[in-house]
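The listed protein sequences correspond, in order, to chains C and D.
By the count of the numbering used here, the first sequence reaches residue 470 at its end, each step adding exactly one.
By the count of the numbering used here, the second sequence reaches residue 1358 at its end, each step adding exactly one.
Note that the Cβ used here is the ideal one computed from N, Cα and C, for glycine as well.
Here the structure is a predicted model, which means the values were calculated and not measured.
Okay, structure first, notes after.
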Amino acid sequence: QKEVEQNSGPLSVPEGAIASLNCTYSDRGSQSFFWYRQYSGKSPELIMSIYSNGDKEDGRFTAQLNKASQYVSLLIRDSQPSDSATYLCAVNLFSGGYNKLIFGAGTRLAVHP
Amino acid sequence: GAGVSQSPRYKVAKRGRDVALRCDSISGHVTLYWYRQTLGQGSEVLTYSQSDAQRDKSGRPSGRFSAERPEKSVSTLKIQRTEQGDSAVYLCASSLDSPLGFSEQYFGPGTRLTVT
């Protein structure tokens, strides 16, 4: 079982719709969870971080965390074509003596006009 | 303020040679992490380099990969005896926290390494 799992997609949504991206993780000890957006040929850009159970909203983005279910999600409201990118879920893992981010493979989102 | 920068942006190396990739962190950030990103395997962490006050501490070398901290805000990833499988994008991420913390990490633009 991979440490962080995401559906690779592509997830295709019409402009203006809600895009829902999901991620599960295996280490119950993880305490920090992040969503990064990566455009083709670019580096990952941090868009959301969440540390406690529940929802966290920032503009059109809402991150949801459920530690009991080991599940974290990202909702994008009023999706725009510019949101088309790969979304990486990252979870912290303490291993080998230091804290590191473990990434999922990413979900490719395509927002069509 | 200035973000994380990396150089060179592109590097071609002959198999078996050593390479060094540079990362300049965000001012005040303590830890620089190195990741390798490939299409097939996604992103994986390689090592880290930490510097606070006058201490320098780098993560255990991972085989042929090691990080050094020649200056407080600079980390160098060294790859020894490059292999064709090392062809990837190498990303540096800067964090305000120590490697024991859980702070957000901010990525540089990456260096695309091609081993021929």
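- Bounds of any beta strand (DSSP E) do not take in T1358 of chain D, whose DSSP letter is neither H nor E.
- The beta-carbon of E1346 of chain D is placed less than 8 angstroms from the nearest beta-carbon of chain C.
- For D412 of chain C, the closest C-alpha among the options C:L403, C:N423 and C:C446 is that of C:N423.
- DSSP links L450 of chain C through a beta bridge to C:K457.
- A buried status is given to G463 of chain C, since no fewer than 16 other beta-carbon atoms sit within 10 Å of its beta-carbon.
- Against chain C, the CB of Y1332 of chain D has no partner CB under 8 angstroms away; the residue lies outside that interface.
- In summary, A1335 of chain D is buried, with 16 or more beta-carbon neighbours lying within 10 Å of its beta-carbon over all protein chains present.
- Per the C-alpha coordinates, the member of D:Y1332, D:T1273, D:T1280 and D:I1268 positioned closest to G1245 of chain D is D:I1268.
- With its beta carbon less than 8 angstroms from one in chain C, S1285 of chain D belongs to the interface.
- C:I404 is the residue among C:S383, C:I404, C:P438 and C:R434 whose C-alpha sits nearest the C-alpha of Y444 of chain C.
- The alpha-carbon of G1282 of chain D is positioned some 10 angstroms away from that of A1330 of chain D.
- In the three-state reduction of the DSSP assignment, S439 of chain C falls in the helix class.
- Closest by C-alpha distance to S436 of chain C, out of C:I407, C:N364, C:L378 and C:F451, is C:L378.
- For G1343 of chain D, the closest Cβ of chain C is nearer than 8 angstroms.
- Exclusion of the five residues before and after Y428 of chain C leaves T381 as the residues of its chain whose Cβ lies within less than 6 angstroms of its Cβ.
- Against P1351 of chain D, the close residues of chain C are K399 and S400, in the order they occur along the chain (beta-carbon pairs closer than 9 angstroms).
- Within the stretch 455-467 of chain C, the residues whose Cβ lies closer than 8 angstroms to some Cβ of chain D are Y455, N456, K457, L458, I459, F460, G461, A462 and G463, listed in chain order.
- Residues are counted here when their Cβ sits less than 7 angstroms from a Cβ of chain D; for the stretch 414-433 of chain C the count is zero.
- Check the Cα spacing between Y393 of chain C and each of D:L1274, D:S1285, D:W1276 and D:T1273: the tightest is with D:S1285.
- Around the beta carbon of A420 of chain C, 16 or more other beta carbons lie within 10 angstroms, which makes this residue buried.
- With a cutoff of 8 angstroms on beta-carbon distance, L1342 of chain D and Y1332 of chain D are scored as not near each other.
- Between I1321 of chain D and D1260 of chain D a beta carbon distance of about 7 angstroms is seen, short of the 8 angstroms cut, so the two are scored as contacting.
- The C-beta of I375 of chain C has fewer than 16 other C-beta atoms within 10 Å across all chains shown, which makes the residue exposed.
- Think of a sphere of 7 angstroms around the beta carbon of S389 of chain C: the chain D residues whose beta carbon falls inside it are F1344, in chain order.
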